[in-house]
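Right, one structure below, let's go through it.
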Amino acid sequence: MIGLRTQGIRIRRLRLHGDDRDYDVDFRAPDDAPRPLSVLAGAFSTGKTTILEFVDYCLGANDHPRHPEITPKVKSATLEVELSGSPYLIERAVGEPSMFAYVRAGRLDEPGAAPRVRRTLRPAGHPDSLSSLLLSHCKLQGIRLSLDAAREPDDPLSFRDLMWLCFLPNERLDGKDLLFESVPMKHLKLRQVVDLVFDVHDDHTVELGRRIRTVEGELAAARAAYRAAEQLVEDQHIGSRLDLEALEQAAKDELAACAQSLAGLDARARAATAFAADLRERHRDAARAALHAANELRDRETQVQRLTPLRASYADDVSKWTMLAETDRLFETGSGVCASCGAALAAADERCPACRFPVGPIDVSGELRAARTRLAELTRHVEDLEREIPHLRAAASRAQDAESRAAAEVDAATAHAVTPFLAERDSIARRREEAAATLQRAADGLRLVQSLERRANGILQMMDQLDADRDALGNAGAQSRRADRAAVVRRVSERYRAILAEFRYPKLADAYLAEDLTPYVRGEPYTAASSGGRTLIALAWQLAMFETAWESRSSHPGFLLLDSPQKNLGALGDLEDGRTIGRIYAHIEEWLAGRGVGAQIVVADNAPPPTAAADVIVRYSRRPDQPPYGLIDDDF
C-alpha cells in the first residue's frame with residue numbers, strides 16, 4: 063500500500079518569483095504530506111484558474127497565463143512536486159514561453175539543494191526531456207503511439223497527452239468537445255492514452271520490452287554515477303550521516319556557547335573596571351579641554367592666513383592712491399597735457415580724448431585716507447593675532463599633555479583588571495572560528511551525503527520499476543492477470559453511472575460509456591444534454607477515469623486538477639443546484655478518505671460549500687481591505 067501511495071506525481075507547492083517578492087500557494091497538510099483535497103476559493107478574476115494553469119505550465123504546457131497583473135510581476139515559476147515519493151523542483155521562465163525546464167532534487171527553501179538539470183520540452187520522446195522524466199514516474203517512459211492502425215507505432219507518448227486525464231479545464235466542462243471529437247487525431251490519441259494507463263493497449267508486450275531495455279540502460283548509467291560519487295565521498299573521509307549530523311549539532315552548540323560566553327565576559331569586564339569611573343571622567347574632561355585649545359589655536363592661525371593677503375591688498379591700494387596724488391602735482395592743470403596718459407589736450411576738452419580721464423585737478427585725499435585707515439586696522443588685528451598664537455600653541459600643548467597623562471592613569475589603573483579579559487576574549491574568538499569552520503565542514507559533508515542518498519534512492523526506484531516491468535512482461539500472456547479493454551470500459555462505465563447517481567442527476571437513465579469512451583445519459587450522447595447537465599457529465603467522466611485508474615493500480619500520475627466545477631450550476635441561488643454542489647464535494651471527500659487514499663485532487667471554485675471549509679487552502683476576496691486580495695495580492 064505504501065508503494066501505491068508514493069508512486070506517480072503529487073503537487074506540494076507553487077511559487078511565482080517576482081523582482082521584489084514571491085507569491086506562494088501551499089498544497090501541503092500540517093504533516094508536510096500533500097493534501098488529499100485542496101480547494102482554491104474566492105471571487106472570480108483573483109487567480110484560482112491561474113494557479114492550475116501555472117501548475118500545468120511547470121509540467122510542460124506550451125504557455126502560461128498572461129493576465130495584466132502577471133506579466134510585470136512574475137519572472138519565473140517553480141513547482142515543488144513529489145516524484146515517486148521524493149521531492150523535486152521544476153522551474154520555468156515566465157515571459158516568452160521557455161523551451162526547457164530546470165529540475166533538481168529537493169524542496170523550496172531547502173539549503174544545500176542538488177544542482178539544477180536542464181531538461182528540454184521537445185521532442186517529448188528525448189531521454190533527457192521533462193516529459194520522459196515525468197512519464198518514468200508513471201511507468202510509461204519510452205512508449206510510442208500509432209495514429210494509423212496500419213502502421214507501426216511512430217509517435218512518442220508525451221506527458222502532455224497524459225495531462226488530459228489529470229486536468230479538466232473550464233472550457234471542457236460544459237462544451238461539446240470533452241473527448242476532442244473536433245480533432246480526430248487527438249480523439250484517437252486520447253483513447254490510446256486511456257488504454258496505456260490501464261495497460262490494455264495492443265502493443266503492451268512490445269512496449270514493456272522497450273521500456274525494460276530503456277530502464278536497464280538508465281540503471282547501468284545511474285549505478286556508474288553512484289559509484290563515482292561514492293568514491294568521491296570516501297576520498298573526502300567525511301564520515302557517515304549520523305557522524306556529520308552530530309558534528310553539525312556540536313558546532314552549533316559551540317557557537318551558541320561562545321556567544322553566551324562573550325556576553326558574560328563583557329558584563330564581567332564592565333563590572334571589574336567600574337572603580338575607574340572617576341579617572342575616566344577626568345580623562346574625558348581633559349580630552350574636551352585639549353580639543354577646545356586645539357580649536358582656538360587653529361582658529362587664530364586660520365585668521366592670520368586669510369588676513370595677510372588682504373592686508374597686502376590694502377597696502378597696494380595706498381601706494382596707488384599716493385602715486386596718483388603725486389602725478390597731479392607733477393602735471394599742472396591747463397598745461398595741455400593729460401595727467402593720466404600724457405596725451406595732448408585742447409582747451410575745450412573736459413576729458414582726455416585718449417584715455418577719457420577727467421581734465422582738471424584730481425583730489426584723491428579721501429580715498430587715500432580711507433585706505434590708510436583700513437590698512438592700519440588690519441595691521442593691528444593681525445599683529446594681535448600673531449601675539450596670541452604662541453600662547454595658544456603652548457596652551458594646546460599643555461592640554462594635550464594633560465589628556466595623555468589622564469589616559470595613562472586610566473590604563474595604569476585598569477590594566478590589571480582588563481588584561482585577563484583580553485586573553486579570555488581571544489580564547490573565545492579562537493573557539494568561535496574553529497566552531498564556524500567545523501559547521502561549514504559538516505554542512506558540506508551533509509550535502510555530499512544527501513546527494514549520494516538521492517542517487518541511491520533513484521537507483522532503488524529504477525530497480526523497483528524494472529522488477530515491476532519484468533513481472534508484467536512475464537504475466538503479459540495470462541488473461542487472468544490483465545483485464546481486457548472491454549472490461550476496463552465496463553468498470554469505468556459503472557463508476558460513471560454511480561457518480562451521476564450520487565450527484566442526483568435528474569431523470570438519470572441509461573447512463574454508460576460507449577466503446578470509444580463517449581459518455582451517454584438517457585440513451586443520448588452527452589452533447590445532447592443542457593449546459594448544466596454537460597458540466598455534471600464531464601465531472602463524472604473525469605472522476606470515473608481517475609478513480610478507476612487509481613483503484614486498479616494503473617499508470618495514472620495520481621493527481622487531478624478540476625477548474626470551476628459549479629459552472630452553469632447554482633444559477634440565481636437555486637436550492638437543488640446548491641445541494642448538487644454539496645454532493646459533488648461529498649463524493650470527492652468520501653472517495654479520498656476511502657478507496658482513494660494516497661491520491662490528490664485540487665479544485666478551483668468560486669464558492670465551495672461550507673462542508674468543504676476544512677479543505678480550503680486559500681480564499682481570495684478581491685477586496686483590498688480583506689486580504690488576500692488574489693494570487694498577486696499587491697496589484698489592486
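Under our numbering, read the sequence shown as residues 63 to 698, first letter to last. All residues carry an ideal CB built from backbone N, CA and C; glycine is no exception. Since the model is a prediction, treat every value here as computed from it, not as a measurement.
Check the Cα spacing between Arg553 and each of Ala576, Glu243, Asp239, Gly104: the tightest is with Ala576. Residue environment for Lys629: buried (at least 16 other C-beta atoms within 10 angstroms of its C-beta). Annotated as proximal: Gly658 and Glu609, with beta-carbon spacing under 8 Å. Counting other Cβ atoms within 10 Å of its Cβ, Thr435 stays below 16 and is therefore classed as exposed. Leu240 is a Cβ neighbour of Tyr588, given a cutoff of 8 Å.
With a threshold of 16 other beta carbon atoms within 10 Å, Phe106 falls short and is exposed.
Taking 8 Å as the upper bound for CB-CB distance, Leu78 and Ala139 are in contact here, some 5 Å apart.
Under a 10 Å Cβ-count criterion, Gln502 is classified as exposed, with fewer than 16 other Cβ atoms of the shown protein chains found around its own Cβ. Counting the other CB atoms within 10 Å of its CB gives Ala497 a total of 16 or more, which places it among the buried residues.
The beta carbon of Ala167 is closer than 6 Å to those of Tyr150, Ala176, Arg516 in its chain, skipping five residues each way along the sequence. Between Asp378 and Asn357, the alpha-carbon positions lie close to 33 Å from each other.
For Pro581, DSSP records a beta bridge to Leu575.
A distance of 8 Å or more separates the beta carbons of Gly237 and Arg681.
Pro246 and Val179 have their C-alpha atoms spaced approximately 36 Å apart. Secondary structure note for Glu115: its alpha helix (DSSP H) is the uninterrupted segment 110 to 120. For Ser616, same chain residues with a beta-carbon under 7 Å away, outside a window of 5 residues either side, are Val259, Phe260, Asp261 in chain order.
Under the three-state reduction of DSSP output, Ser100 falls in the strand class.
Ala95 and Ala611 have their alpha carbons spaced roughly 22 Å apart. Annotation: Arg645 to Gln69 spans about 29 Å, alpha carbon to alpha carbon. Secondary structure of Arg615 (DSSP, three-state): coil. When DSSP states are grouped into helix, strand and coil, Tyr164 belongs to the strand group. Here Glu144 carries a strand assignment [DSSP, helix/strand/coil]. In this structure, Leu192 keeps its C-beta atom at 8 Å or more from the C-beta atom of Gly147. Runs of alpha helix (DSSP H) with 4 or more residues, each lying fully within the stretch 211 to 264, are found at 221 to 224, 232 to 235, 246 to 259, listed in chain order. Here Val659 carries a coil assignment [DSSP, helix/strand/coil]. Here Arg681 carries a strand assignment [DSSP, helix/strand/coil]. The C-alpha of Ala348 lies about 12 Å from the C-alpha of Ala470. Straight across, the Cα-Cα distance linking Arg685 with Leu170 is about 29 Å. In this chain, the beta strand (DSSP E) harbouring Arg77 covers 71 to 80. At least 8 Å separates the beta-carbon of Leu227 from that of Arg206. Judged by DSSP secondary structure, Leu195 falls within the alpha helix (DSSP H) whose first and last residues are 192 to 198. Scanning its chain for C-beta atoms nearer than 8 Å, with the 5 sequence neighbours on each side dropped, one finds around Leu327 the residues Phe483, Glu486, Arg487, Ile490, in chain order.
Rounded to whole angstroms, the separation of the alpha carbons of His453 and Lys382 is 37 Å. DSSP places Val87 in the uninterrupted beta strand (DSSP E) bounded by 84 to 88.
With a contact defined as Cβ atoms closer than 8 Å, Tyr558 and Ala602 qualify at about 5 Å.
Straight-line measurement puts the Cα of Leu359 at about 59 Å from the Cα of Ala406.
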